[in-house]
Amino acid sequence: MTVLLEASNLSVNIDTPRGDLHVVEDVSFSLGEGEILGVVGESGCGKSTTVRSLIGLLPRGGRVTGGSALFDGVDLFAQRPASLRAIRGDQIGFVAQNPFGLLNPVLPIAKQFRTLIRAHRGGLGKAECASMAREALLRTGIHEPDRVLHGYAHQLSGGMAQRVVIAMATILDPRLLISDEPTTALDVTIQRQVLELMRDVVRLGNRSMILVTHDLGVVAQFCDSVIVMYSGSVVESGKVAEVFTHPEHPYTRGLLASVPGGGRGETLPPGGPPARFEPARGCQFAPRCSRAETLCSVEPPPTVSSLGGDRRVRCHFVEIEEATHGAPAG
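Take 11 as the starting number for the sequence shown in the working numbering and just add one per residue.
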């Protein structure tokens, strides 16, 4: 599989009154063409910050402090803001948790489509832009596109607004779609419809997608590969079937055990990822880990990988069949 995106040793800090908050630290992953990658973990683990950093959408005070992100050979972090904006929306589409945050409340939907198209496709006429928008809305299951185009964001339901955002994110046929918790604000029946729509849009267009979620069931059903994050770091990654069937990291085991019907004995203790104002020292999961020893609190865990490189686990006490040990990641 040809690699479309490769992030290496990505680190992100956010300025706060207490000092630099280390939100993401030494995160590495790759995404193949046509692949759907799930990013999963508890709230506060850094998953949204990781994907938003790729396209320059960090919150105020946020900055990339290290690493690279090669998109089709181009380092996204080396781009000037104007160049990155040109890539975002054209080659990389973005769908957020709150669709209304991406829609202008005072402009008709048609004008928002037209502005987006002309920003990347030059001087297309009003009729051409409307035709493109109409086709994009039809692809997302909106059967009355003209009514939507002539309306405003506040006239849309949450599910309809998310369909509009998906249409905008894919109208220029991007190679990559980044979806950050796209269904969290929707009711259960609409969630499934939107996820199926996004999967179909990706598969039919031979696109790739990064899907951020806290729902392991969504990852199991819609993703090819997964990275599991805790306290700003990737603790386990690999093909979904392998990671979910034979989880190796204690945190992954605990997450899966917390799912109804998970049927695993290793439960996840109370607590959550700690807020860090200093670089990581030792394993950040150690305070919650039933298998932790003194070593875990003082030494960064190594990244253990299979010989093929598809499966990686960051832990002192894990052994993957036919594994190799890399340098400590963190």
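Beta carbons are placed, not taken as given, at the ideal position from N, Cα and C, and that holds for glycine.
Rounded to whole angstroms, the Cβ separation of G169 and Q122 is 18 Å, and the two are not in contact under 8 Å.
E258 sits buried, since 16 or more C-beta atoms from the chains shown fall within 10 Å of its C-beta. In the three-state DSSP reduction, H259 falls in the coil class, being neither helix nor strand. When DSSP states are grouped into helix, strand and coil, H160 belongs to the coil group. Contact between the region 156-175 and the region 64-79 is absent, with fewer than three C-beta pairs closer than 8 Å. Judged by pairs of C-beta atoms under 8 Å, the region 225-233 does not touch the region 32-39, as fewer than three such pairs exist.
8 Å or more divides the Cβ of V174 from the Cβ of L187. Taking 8 Å as the cut-off, the beta carbon of V22 is found closer than this to the beta carbon of S63. Between the alpha carbons of P297 and D320 lies a gap of roughly 28 Å. A143 counts as buried, since no fewer than 16 other beta carbons sit within 10 angstroms of its beta carbon. The C-alpha of R95 is placed about 9 Å away from the C-alpha of Q89. The C-alpha of T60 is placed about 12 Å away from the C-alpha of I24.
In the structure shown, the three-state DSSP call for P192 is coil. For the set G29, P69, F327 and G135, the Cα lying nearest the Cα of L305 is the one of F327.
Beyond the five residues adjoining it in sequence on each side, Y261 comes within less than 6 Å, by CB distance, of Y240, V245 and F295 in the same chain, given in chain order.
Within the region 66-143, the runs of beta strand (DSSP E) at least 3 residues long that lie entirely inside it are, in chain order, 72-81 and 102-105. For the pair of segments examined, the region 131-143 was found not to touch the region 206-217: the number of CB pairs separated by less than 8 Å stays below three. Under the 10 Å beta carbon count, T180 is surrounded by 16 or more other beta carbons and is classified as buried. With respect to the 8 Å criterion, T255 and S268 are not classified as neighbours on the basis of their beta carbons. Per DSSP, the unbroken alpha helix (DSSP H) holding S307 starts and ends at T304 to V308.
Where V238 is concerned, the enclosing beta strand (DSSP E) starts and stops at S235 to Y240. P192 sits buried, since 16 or more C-beta atoms from the chains shown fall within 10 Å of its C-beta.
Collapsing the DSSP output to three states places S167 in coil. Here DSSP, grouped into helix, strand and coil, assigns L147 to helix. For L41, the CB contacts under 6 Å within the same chain, skipping 5 residues up- and downstream, are L14, L15, L47 and S218 in chain order.
Where F295 is concerned, there is no enclosing alpha helix (DSSP H), because DSSP gives it neither an H nor an E.
Counting other Cβ atoms within 10 Å of its Cβ, K57 reaches 16 or more and is therefore classed as buried.
Residue pairing from DSSP places D25 in a beta bridge opposite D30. Annotated as proximal: E45 and S235, with beta-carbon spacing under 8 Å. The beta carbon of C55 sits closer than 6 Å to the beta carbons of M239, Y240 and P283 from its chain, once the five residues preceding and following it are set aside; these are given in chain order. Boundaries of the beta strand (DSSP E) around I220: S218 to T223. Looking at the backbone, the Cα of A92 and that of K136 are separated by about 24 Å.
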